[in-house]
Amino acid sequence: MSGVYEVFRQERKGQAFAHAGSVAAPNAAFAEAYAREQYGRRGESVALWVVPRDAVMQIEEFVDELQRNYHRVDGYPLKEKLKEARERAGTTASADS
Amino acid sequence: MTEQEFLEYVQSGGQVETDDWMPDDYRAKLIKFIEMHGNSELMGVLPEREWILRAPTLQRKLALTAKVQDEVGHAQLIYRVVEDLGKPREACLEDLVSGNSKFHNVFHYPTKTWGDVGVIAWLVDAAAIISQKALLKCSYAPYARIMKKICWEESFHILHGRDVILTMMNGTDEQRELVQEAVNRWWGPLMQFHGNPIAKEDDPMFVWRIKSQGNEEARQQFLDGYVPQIWELGLTVPDPKLEKNGEGVWEYTEPDWAELKHVVTGHGPRTAERLELRRGTRRETEWVRRAVLAEAA
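Here it is in structure tokens:
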């Protein structure tokens, strides 16, 4: 397929593939040759993912209509409650936050 | 997003991707800057290419060839980024060979001796890597990402350059003389390399955070890093005014800005010859491009 191919490279085994750049190629065989040449020839990568740009589905807006903070750490601000609990127990002086 | 909001976004460290909205002026400045970088990589191989056949040893010949291959590879990566911003590579190459776009001043000069090859690989690359490292923080993320790979390869180039220089400095008087003469020849262009000392707040490339440092900042960093390295080898710098003052700032003779302008606008001692070589290779390789494009059809 003619067009732009995105190149993702893995630096060492076990690491995440990270986006490195892109190559423009008339077909997949050329894309492979260009990607090898431009992103792998000095041993800087152990593996490449070469993906037609059109095949990448990009998702961007993450709307949180229901303010569902109960499944995140920012849903649990404990400072005030802890302060009150310590005051109730009479341990405020010895506690440090 | 308004242009003002975009400006605040990039100035607070925000980064932009290809498909994001961007002001027309930002896009135009990006294309101009990145295209000039691509041109410089491509033209930058020519002064060294001239020495591949004359390199003193097989090892040097191989290293020089590898370096040329790297730089052309950088040009390919960089033109790809320009292409995504809206200017096709063919148009970039056409503008380059017809003299409509620029490339760095240092690539307009001749490489007289093997000493020049060493000084280019050591000091010209050092000056370039200072600019390029500052681009790792470029507000245009696809450019910043390829810069990671480019900087990684440049570090081999600098070592190769230092190795050439050290070998010559440990050699004969004649070899040492070749190095000193080359430093003398290249000092002027090197001091011009990072551009006039425009305040970074007035530099549109900094305002849009395409560059992350000012011209003078880059030059100071170059002097700080490399003048001591030049001196420790017993070499001299052809500028009697050059010294680090009490505040840790390098003082120097005002670089010849008229020469810089004259050279980058296409009037350097080797500009015409090198562009003609590029035109020739474009003609000679046209059948390859046609064959590849036929594959696409």
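For the protein sequence lines, the chains are V and W, in the order given. Everything in the first sequence is counted per our numbering, starting at 859 for the first residue and increasing by one. Everything in the second sequence is counted per our numbering, starting at 168 for the first residue and increasing by one. By construction, the Cβ of each residue, glycine as well, lies at the ideal position given by its N, Cα and C atoms.
- Annotation: Cβ neighbours of E250 of chain W in chain V (cutoff 7 Å, chain order): A882.
- By the C-beta density criterion, M859 of chain V is exposed, having fewer than 16 other C-beta atoms within 10 angstroms.
- Within the same chain, Cβ atoms closer than 8 Å to the Cβ of N382 of chain W are found at H361, G362, N363, P364, I365, K367 and D370, the five residues on either side in sequence being excluded.
- When the Cα atoms are used, P405 of chain W and W354 of chain W turn out to be separated by approximately 7 Å.
- The continuous stretches of alpha helix (DSSP H) do not include F866 of chain V, which lies in the beta strand (DSSP E) extending over residues G861 to Q868.
- For the 9 Å CB-CB criterion, E890 of chain V and G879 of chain V do not form a contact.
- Of the candidates W:L460, W:A301 and W:G253, the residue whose Cα lies closest to the Cα of T185 of chain W is W:G253.
- Under the 8 Å Cβ criterion, the region 300 to 308 of chain W does not count as touching the region 222 to 232 of chain W, having fewer than three qualifying pairs.
- Under DSSP, W907 of chain V forms a beta bridge with V:F866.
- For the pair E410 of chain W and H327 of chain W, the Cα-to-Cα distance works out to about 28 Å.
- For E919 of chain V, the nearest beta carbon of chain W is not closer than 9 Å to its own beta carbon.
- Assigned with DSSP and collapsed to three states, V416 of chain W falls in coil, not helix or strand.
- For the options W:F323, W:L402 and W:F389, the alpha carbon positioned closest to that of M336 of chain W is the one of W:L402.
- Taking 8 Å as the Cβ-Cβ cut-off, the region 326 to 346 of chain W has no residue approaching chain V.
- The beta carbon of V212 of chain W sits no closer than 9 Å to any beta carbon of chain V.
- For A258 of chain W, there is no enclosing beta strand (DSSP E); the enclosing alpha helix (DSSP H) covers residues R256 to V264.
- Beta-bridge analysis with DSSP links E410 of chain W to W:E418.
- Not one beta carbon of chain V lies nearer than 9 Å to the beta carbon of E208 of chain W.
- By the 16-neighbour rule on beta-carbons within 10 angstroms, T432 of chain W is exposed.
- Interface residue (Cβ-Cβ distance to chain W less than 9 Å): A878 of chain V is classified as such.
- Contact between the region 253 to 267 of chain W and the region 281 to 298 of chain W is absent: fewer than three C-beta pairs spanning the two stretches fall below 8 Å.
- The DSSP-derived three-state label of G879 of chain V is strand.
- Think of a sphere of 7 Å around the beta carbon of R900 of chain V: the chain W residues whose beta carbon falls inside it are E320, in chain order.
- Between Q868 of chain V and chain W, the shortest Cβ-Cβ separation is not below 9 Å.
- In the structure shown, V921 of chain V falls within a coil segment according to DSSP collapsed to helix, strand and coil.
- Residue nearest to L197 of chain W within the set W:L209, W:E208 and W:V183 is W:V183 (criterion: CA-CA distance).
- In the DSSP assignment, E215 of chain W falls within the alpha helix (DSSP H) that extends over D191 to R216.
- Only those residues of the region 257 to 286 of chain W whose C-beta falls short of 8 Å from the nearest C-beta of chain V would be listed, and there are none.
- The C-beta distance from G205 of chain W to I245 of chain W rounds to 4 Å, short enough to meet the 8 Å contact threshold.
- Secondary structure of Y176 of chain W (DSSP, three-state): helix.
- One finds V459, E462 and A463 in chain W with Cβ atoms closer than 9 Å to the Cβ of F888 of chain V, taken in chain order.
- Less than 9 Å separates the beta-carbon of R256 of chain W from that of A882 of chain V.
- Just measuring C-alpha positions, the residue of W:N412, W:E170, W:Y310 and W:R216 sitting nearest D251 of chain W is W:Y310.
- Per DSSP, the beta-bridge partners of Y307 of chain W are W:V183.
- In this structure, I201 of chain W places its C-beta atom within 9 Å of the C-beta atom of V248 of chain W.
- Around the C-beta of E208 of chain W, 16 or more other C-beta atoms lie within 10 Å, and the residue is accordingly described as buried.
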